[in-house]
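Throughout the sequence shown, residue numbering follows this note's numbering, covering 370 to 1003 in sequence.
Don't be surprised by glycine CBs; every beta carbon is placed ideally from N, CA and C.
Presented below is the structure to which this report refers.
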Amino acid sequence: MAFGYNGRVLHVDLSAERIEVENVSDEFYRTYMGGSGLIGYYLLKMMKPGIDPLGPDNVLVFAPGALTGAPLGGMCRFAVGAKSPLTNAFGQSEAGGFWGPELKRAGFDGIVIRGKACKPVYLYINDGDVSICGAGDLWGKKTGEVQDAIRDRHKDPAIRVAQIGPGGENLVRYACITNELKHFNGRNGLGAVMGSKNLKAIAVRGKKQIPIADHKLMSEISKKFGSTVMENPLTRGLYESGTAASVLGNNAAGILPTKNFRYGEFDRAEAISAKAMNEKILVAREGCYACPVRCKRAVKSDRYGVEPRFGGPEYETLASFGSLCLVDDIEVIAKANQMCNEYTLDTISTGMTIAFAMECFEANILTGDDTDGIELTFGNGEALLAMIEKIAKREGFGDVLAEGSKRASEIIGKGSEKFVLTAKGQELPMHEPRGKYSLALAYAASERGADHMVAAHDTMVASKDQYGFKEIMPLGILEPESPTVFSNLKVRTFAYLSMWWSFFNAAGICDFVPVPRSSMPIKDVVDAMCAFTGWQTSAFELMKVGERALVLARMFNAREGFDVKEDTLPERLFSPLEKGPLSGNSLSEEEFQEALQIYYAMMNWDERGIPTRGKLSELGLDWIAEDDGQGYSI
């Protein structure tokens, strides 16, 4: 008997309207586990190189993790992956909420989707039974209406719905996927992949209990976490203020992205802070499956018709629609957040693409004639809202911006490329590498493009006095390092923590639960895996799971023609910040390139950034090198 998982992966061919179930072995599941590990395996096995990411040959994978659904805080995550229409590289994005545990309770550890339906459909999964249902009447509707309609149709208000809105239907290249209207697989444009397949939603209902190998040990770990979690000041801040707690701290440190990453300080940061949110629009604190942290916000604004059911803006959204665009109205930002939730647009790429256009407007590269009469000036909140609408509907100039800032710049020309801030074509998140140098490696080397969730940030491991530093010593991280240096120690710390973070993804663990970001020690994470699955495992094995997932993604990119040339950063990061406590700070391109090569060497990748044959063999991935029929050979 399997514990903690079902040993069943659902395969759906939308073109042929065929549904099949694959039974996977314990060894297979333990090797690839879930999340990006499972995604990387199926993308490499089932998809030819060079396919159109918005064509029917793209493979779309929904993958909870090995710990998803465990009765323990933070064990709720699932990943979605495909070839990204934004980057043309390995695409993967995580979400929390309740959908992932529900899928496992319904009897499946993952879903692999191929082909394209001839007309709009949604999948309905109910305790192991799977149906392809017509969604013609749902196509074109926003997310709130669709969730209500599906629940009404099946007469069950407890159905969990993962879906796209009109942004995904219209193939906006950074369209996202939402579940429960407020949890998002945000990055890499995976909502556009759903739209390209005429797949509106996946509705799931599961009533069975996931079997647990050791109830007593799992209960002990859960009680310990519940009693200690608020001792960590970072986690306590999440409960009190959500991720919005980062706004003022980053501003004071000079690392709050402002005016399209020209400044590190926003002189009106107080107006978009957690304090402003709590005082003006907050109505409730919410959370994910089985989690006591409750870091999610629910907000309301009568002025803009903002409803609590769509949650509230996270830090990334407050910065991308706030400081980045010089907008200081918290209610405008809340409205922008809800619009993105209803249309399913990634708030980071949406804000970054609009900020790019605002800088073009400021430089007279764009005028009102180009932007449909919208004055895209920094600080213009109404223009921000108007452009989000146009992007989602691909109307007028919104059709250009729906391509993402890199492609938009190629259309606009006139020197606009100097205002583009992307890595592998994906817009930078709201964290400043000129104040946290490991982020330079994270943004450049991440197989899925610029991503702040690749590893712990420098500021979490900068001092032995920090809460949780001693708890990561079992990973071999024994000394802290300044956030603003490139050193061999910095690179080694990043390498180890990137494997640890990658394991979180494969296991379905929220980054806000284990050390160093929160209070759950490494030993308790390992014990939780043992208790849930019955495996006798170790931190070593789990780190290798994380590394294997990274290598699978990197080999996917190598097969698509990516190498060191794509592991780059936008030129602006090598230029000084213009304003704030770190004014004048910039990254050294020479030091960055040296650090990147050291990272490759530490990972046993060659100078091109491609894993060696020996590394593939060590991770049990020889089949990738041998399969030159897939278009790639070492």
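Mark Asp525 as exposed unless 16 or more other C-beta atoms lie within 10 angstroms of its C-beta, in which case mark it buried.
Taking the sequence shown and counting its residues from 1, one reaches residue 525 at position 156. It counts as exposed.
Whole-angstrom C-beta distance between Lys452 and Met416, which should lie under 8 angstroms:
For this step, residue 416 is matched to residue 47 along the sequence shown. For this step, residue 452 is matched to residue 83 along the sequence shown. Their Cβ separation, rounded to whole angstroms, is 7 angstroms, which keeps Met416 and Lys452 in contact under 8 angstroms.
Report the residue from Asp478, Pro580, Gly536 and Pro470 whose alpha carbon sits nearest the alpha carbon of Val530.
Along the sequence shown, one-based indexing puts residue 530 at 161. It is Pro470 whose Cα lies nearest to the Cα of Val530.
Would you call the CB atoms of Leu951 and Gly804 closer than 8 angstroms?
Mapped onto the sequence shown, residue 951 falls at position 582. Mapped onto the sequence shown, residue 804 falls at position 435. Cβ atoms of Leu951 and Gly804: closer than 8 angstroms.
Give the C-beta separation of Ile757 and Cys694 to the nearest angstrom, bearing in mind that I take them to be a contact with Cβ-Cβ under 8 angstroms.
In the sequence shown, residue 757 corresponds to position 388, counting from 1. In the sequence shown, residue 694 corresponds to position 325, counting from 1. That belief does not hold up - the Cβ atoms of Ile757 and Cys694 are roughly 11 angstroms apart, past 8 angstroms.
Which first and last residues belong to the alpha helix (DSSP H) in which Gln516 is found?
Your numbering for residue 516 matches position 147 in the sequence shown. Segment Thr512 to Arg522, the alpha helix (DSSP H) holding Gln516.
Rounded C-alpha distance that separates Ser394 from Glu772:
Taking the sequence shown and counting its residues from 1, the one referred to as residue 394 is at position 25. Taking the sequence shown and counting its residues from 1, the one referred to as residue 772 is at position 403. So the alpha carbons of these two residues sit roughly 41 angstroms apart.
When the distance is taken between beta carbons, is Leu455 closer than 8 angstroms to Tyr543?
Your numbering for residue 543 matches position 174 in the sequence shown. Your numbering for residue 455 matches position 86 in the sequence shown. Cβ distance < 8 angstroms, so Tyr543 and Leu455 count as in contact.
Between Ile699 and the rest of its own chain, which residues show a CB-CB distance below 7 angstroms, the 5 nearest in sequence each way excluded?
Residue numbering aside, residue 699 sits at position 330 when the sequence shown is read from its first letter. Cβ within range, chain order: Ala640, Ile641, Ala645, Met646, Lys649 and Ile650.
Measuring only the C-alpha atoms, how far is Asp932 from Asn926?
Mapped onto the sequence shown, residue 932 falls at position 563. Mapped onto the sequence shown, residue 926 falls at position 557. When rounded, the distance between both Cα atoms is 8 angstroms.
Cβ pair count under 8 angstroms reaching 3, the region 500-519 against the region 587-603:
Too few Cβ pairs lie closer than 8 angstroms, so no.
Which class does Gly611 belong to by DSSP, given the choice of helix, strand or coil?
For the purposes of this step, residue 611 is identified with residue 242 of the sequence shown, where counting begins at 1. Here Gly611 carries a helix assignment [DSSP, helix/strand/coil].
Rounded to a whole number of angstroms, what is the C-alpha to C-alpha distance between Asp478 and Phe630?
Position 109 of the sequence shown holds residue 478. Position 261 of the sequence shown holds residue 630. If you take the alpha carbons of Asp478 and Phe630, they lie about 40 angstroms apart.
Are at least three pairs of beta-carbons, each pair with one atom in the region 878-891 and one in the region 829-848, less than 8 angstroms apart?
yes
Can we say the region 947-966 touches the region 825-838, given the rule of at least three CB pairs closer than 8 angstroms?
no
Short Cβ contact (8 angstroms threshold) for Glu995 with Arg923:
The residue labelled residue 995 in the question sits at position 626 within the sequence shown. The residue labelled residue 923 in the question sits at position 554 within the sequence shown. No.
Starting from Phe553, trace the alpha helix (DSSP H) in both directions and tell me its first and last residue.
Locating residue 553 in the sequence shown gives position 184, counting from the first residue. In the DSSP assignment, Phe553 falls outside any alpha helix (DSSP H) and within the unbroken beta strand (DSSP E) covering His552 to Asn554.
Would you tell me roughly how many angstroms separate the C-alpha atoms of Ala824 and Leu919, rounded to the nearest one?
Residue mapping note: residue 824 aligns to position 455 of the sequence shown, counting from 1. Residue mapping note: residue 919 aligns to position 550 of the sequence shown, counting from 1. Those two C-alpha atoms are separated by around 12 angstroms.
Relative to the alpha-carbon of Phe459, which residue among Ser615, Lys577, Tyr410 and His523 has its alpha-carbon at the smallest distance?
In the sequence shown, residue 459 corresponds to position 90, counting from 1. When only C-alpha atoms are compared, the closest one is Tyr410.
Compare the C-alpha of His380 against each of Ile702, Leu429, Ala371 and Pro802 and name the closest.
In the sequence shown, the residue the question calls residue 380 occupies position 11. Of the listed residues, the one whose Cα sits closest to His380 is Leu429.
Roughly how many whole angstroms lie between the Cα atoms of Thr740 and Asn601?
Here residue 740 is taken as the residue at index 371 of the sequence shown, counted from 1. Here residue 601 is taken as the residue at index 232 of the sequence shown, counted from 1. Going from the Cα of Thr740 to the Cα of Asn601 covers about 47 angstroms.
Is Ser500 helix, strand or coil when you go by DSSP?
For the purposes of this step, residue 500 is identified with residue 131 of the sequence shown, where counting begins at 1. Ser500 falls in the strand class under three-state DSSP.
Ser596, buried or exposed, once every other Cβ within 10 Å from all chains shown has been counted against 16:
In the sequence shown, counting from the first residue as 1, residue 596 sits at position 227. Looking at its Cβ environment, which holds fewer than 16 other Cβ atoms inside 10 Å, Ser596 is exposed.
Identity of the residue in Leu808, Glu386 and Leu407 nearest Val378 by Cα
Numbered from 1 along the sequence shown, position 9 holds the residue referred to as residue 378. The shortest C-alpha separation from Val378 is found at Leu407.
Integer-rounded CB distance, given that Ala659 should sit under 8 angstroms from Asn680
For the purposes of this step, residue 680 is identified with residue 311 of the sequence shown, where counting begins at 1. For the purposes of this step, residue 659 is identified with residue 290 of the sequence shown, where counting begins at 1. The sequence shown places Gly at residue 680, not Asn. With a Cβ gap of about 18 angstroms, Gly680 and Ala659 do not count as contacting.
Start and end of the beta strand (DSSP E) containing Asn647?
What you label residue 647 is simply residue 278 of the sequence shown in a count that begins at 1. Premise fails: Asn647 lies in the alpha helix (DSSP H), Ala643 to Lys649, not in any beta strand (DSSP E).
By a C-beta neighbour count over all protein chains shown, 10 Å radius and 16 as the cutoff for buried, is Gln905 buried or exposed?
If you number the sequence shown from 1, residue 905 lands on position 536. The residue is exposed, with fewer than 16 neighbouring Cβ atoms inside 10 Å.
Limits of the unbroken beta strand (DSSP E) element including Asp975
Taking the first residue of the sequence shown as position 1, residue 975 is located at position 606. Secondary structure note for Asp975: it is in no beta strand (DSSP E), with a DSSP letter that is neither H nor E.
First and last residue of the uninterrupted alpha helix (DSSP H) at Gly720
Position 351 of the sequence shown, counting from 1, holds the residue named residue 720. From DSSP, the alpha helix (DSSP H) with Gly720 extends over Thr716 to Glu731.
Below 8 angstroms, how does it come out for the region 560-576 and the region 532-539: are there three or more Cβ pairs, yes or no?
Because the criterion of three Cβ pairs below 8 angstroms is met, the region 560-576 and the region 532-539 touch.
Helix, strand or coil: which one does DSSP assign to Tyr493?
As a first step, residue 493 is located in the sequence shown; it is residue number 124 there, counting from the start. Three-state DSSP puts Tyr493 in a strand.
Quick check on Ser405: buried or exposed, where buried means 16 or more other Cβ atoms within 10 Å of its Cβ?
As a working note, residue 405 is residue 36 in the sequence shown. By the 10 Å Cβ count, Ser405 comes out buried.
Using 8 angstroms for Cβ pairs, my map puts Leu921 next to Ala813. What's the rounded Cβ distance?
Numbered from 1 along the sequence shown, position 552 holds the residue referred to as residue 921. Numbered from 1 along the sequence shown, position 444 holds the residue referred to as residue 813. Rounded, the Cβ-Cβ distance is 19 angstroms, inconsistent with contact.
Where do the ends of the beta strand (DSSP E) carrying Lys463 lie?
Translated into the one-based positions of the sequence shown, residue 463 becomes position 94. Per the sequence shown, residue 463 should be read as Glu rather than Lys. Residues Phe459 to Ala464.
Buried or exposed: where does Arg446 fall if 16 or more other Cβ atoms within 10 Å of its Cβ makes it buried?
The residue you call residue 446 lines up with position 77 of the sequence shown. Buried, because 16 or more other Cβ atoms sit within 10 Å of the Cβ of Arg446.
Among Ala582, Gly564, Phe594 and Ala688, the one whose alpha carbon lies nearest that of Ala614
Residue mapping note: residue 614 aligns to position 245 of the sequence shown, counting from 1. Of the candidates Ala582, Gly564, Phe594 and Ala688, the one whose C-alpha sits nearest the C-alpha of Ala614 is Ala688.
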